[in-house]
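The next block holds one structure in the form of structure tokens; read it before the comments.
Residue numbers (our numbering): 465 to 620.
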């Protein structure tokens, strides 16, 4: 099991002989997940805020979001397209039936994480250690200890 983002669908769809699917986030007391999206914003100093708003409206309407789904680029930001058969079938993204409903079902569990300046370095530490674990270069207790030590060292 891996918690990852939408971007891995296009990677996994072409891996032969791997059986995978998507599931909504789970929880015990409370569920929580982060939403990675293609954020659109208008700066407060924009010289053309009305035009910028028109562009955002265009990019988030059903027609534009449908193109994003047809090309397999991202989960749609438009709720109607998110609930459309085109998106939910998963065939555009995975060439097979997968549980695309998980994206909508997880929406009520989205939380905002605090920003950590060392995030990229933290991901590198975790990725390097997990790589070693996945190729059986280290065992699980060693991986946990190594990751803990490296992350604490990074954050001090």
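Glycine included, every Cβ here is placed at the ideal spot set by N, Cα and C.
Proximity to residue i [Cα-Cα], best of the options
i, options, result
"residue 504", "518, 576, 615 and 563", "518"
"residue 486", "516, 582, 470 and 549", "470"
"residue 590", "611, 597 and 493", "611"
"residue 571", "616, 534, 599 and 496", "496"
"residue 480", "616, 545, 609 and 560", "560"
"residue 535", "482, 601, 603 and 473", "473"
CB of residue i within 9 Å of CB of residue j, strictly
i, j, result
"residue 488", "residue 555", "no"
"residue 540", "residue 522", "no"
"residue 499", "residue 580", "no"
"residue 604", "residue 597", "yes"
"residue 576", "residue 594", "no"
For residue i, three-class secondary structure by DSSP
i, result
"residue 591", "helix"
"residue 574", "strand"
"residue 497", "strand"
"residue 491", "strand"
"residue 609", "helix"
"residue 510", "coil"
"residue 564", "coil"
"residue 659", "The requested residue 659 is not part of the displayed model; the chain covers only 465 to 620."
Contact set for residue i: own chain, Cβ-Cβ below 7 Å, skip 5 residues either direction
i, result
"residue 563", "485, 486 and 487"
"residue 527", "none"
"residue 557", "473, 474, 477 and 536"
Other residues of its chain near residue i: CB distance less than 6 Å, five sequence neighbours each side excluded
i, result
"residue 516", "506 and 510"
Exposed unless 16 or more other CB atoms sit within 10 angstroms - verdict on residue i
i, result
"residue 592", "exposed"
"residue 547", "exposed"
"residue 493", "exposed"
"residue 542", "buried"
"residue 450", "The requested residue 450 does not occur in the structure, where the chain is confined to residues 465 to 620."
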